[in-house]
Amino acid sequence: MSTIPTVYVVDDDQAMRTSLQWLIESTGMRVMTFESADAFLAGYYPGRAGCLLVDVRMPGMSGLELQAYLAREGYRLPVIIITGHGDVAMAVKAMKAGAMDFIEKPFHDEDLLRSINKALEQDQRQRLDRAARAQLLERLADLTPREHEVMGMVTDGKSNREIAAALGVTPKTVEAHRARVMEKMRADSLAELVRMALIAGQDEVV
């Protein structure tokens, strides 16, 4: 899977695609252009780093329909909508559906590049978050069933005595389980263990 970000440009206007490609490539970013949503879907490998710059109105699948399709499939590629003056209401709808930004034609190059950079930064943050969550899930998988129980009760705020009473063991046994949980999860404090539990419990994203 490529970690070098790519700006995917989807627009049925060839002149616009070429202009956008020149502009974006002039900053050193990698660009791939497509004349339709179908062409993009045929050429995009899910999970690749980058962002999507897509026109609202295109023959066949529109920009909003492409955005909705990606959301249904669970892809988290940041989306920037390009819109004409009469499409602002549609662009607002796209924002409410999860688009990161919309750029109204005619636009300033600086505004577009700023939006693209924000989208790529967002994509990078999301990837780091997913990597951190995957690492936590690996650590959780190494816990025994009893250690899972103890971790759940500890992160719910229960004391060693309360946990011992609930499990029918001694507080000293709970303390030993708790120490192993902290070691396996590589948590330096209770607050960090709680944060890990919250991250691990989040819905997985692609």
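Going by numbering that gives the first Met the number 0, 121 is the number at position 122 of the sequence shown; the sequence numbering is gapless. Yeah, the Cβ is synthetic: ideal placement off N, Cα and C, and Gly gets one too.
For this session: Look at the alpha carbon of Tyr43 and the alpha carbon of Arg179, and state the distance between them as a whole number of angstroms.
Result: Taking the sequence shown and counting its residues from 1, one reaches residue 43 at position 44. Taking the sequence shown and counting its residues from 1, one reaches residue 179 at position 180. Their backbone Cα atoms lie some 44 Å apart in a straight line.
Problem set entry | Cβ shell of Asp128 (< 6 Å), same chain only, five flanking positions each side left out | On the sequence shown, position 129 is the one that residue 128 refers to. Around Asp128: no qualifying Cβ.
For this session: Take the Cβ of Val87 as the centre, count every other Cβ of all protein chains shown within 10 Å, and call the residue buried at 16 or more, exposed below.
Result: To locate residue 87, count along the sequence shown from 1; it is residue 88. It is exposed - the Cβ of Val87 has fewer than 16 other Cβ atoms within 10 Å.
Exercise. Looking at the structure shown, is Ala196 part of a helix, part of a strand, or coil, going by DSSP?
Worked result: For this step, residue 196 is matched to residue 197 along the sequence shown. The answer is helix: DSSP assigns Ala196 an H, G or I state.
Exercise. Which parts of the segment 67-119 are runs of the beta strand (DSSP E), unbroken and 3 residues or longer, counting only runs that do not cross its ends?
Worked result: 78-82 and 100-103
Exercise. Excluding five sequence neighbours on each side, which residues of the same chain lie with their C-beta closer than 6 Å to the C-beta of Met0?
Worked result: What you label residue 0 is simply residue 1 of the sequence shown in a count that begins at 1. With a pLDDT of 49 at Met0, under the threshold of 50, the modelled position of this residue cannot be trusted; read the value that follows with caution. Closer than 6 Å at Cβ, skipping near neighbours: Gly46.
Exercise. Among Val153, Glu137 and Gln66, which one has its Cα closest to the Cα of Lys92?
Worked result: The residue labelled residue 92 in the question sits at position 93 within the sequence shown. Ranking the options by Cα distance to Lys92, first place goes to Gln66.
Problem set entry | For Gly49: DSSP bridge partner residues | One-based indexing of the sequence shown puts residue 49 at position 50. The bridge partners DSSP lists for Gly49 are Thr5.
Problem set entry | Strand pairing of Asp54, partner residues [DSSP] | Taking the sequence shown and counting its residues from 1, the one referred to as residue 54 is at position 55. BP columns for Asp54 point to Ile81.
Exercise. Helix or strand or just coil, what does DSSP make of Val153?
Worked result: Numbered from its first residue, the sequence shown carries residue 153 at position 154. Secondary structure at Val153: helix, using DSSP grouped into helix, strand and coil.
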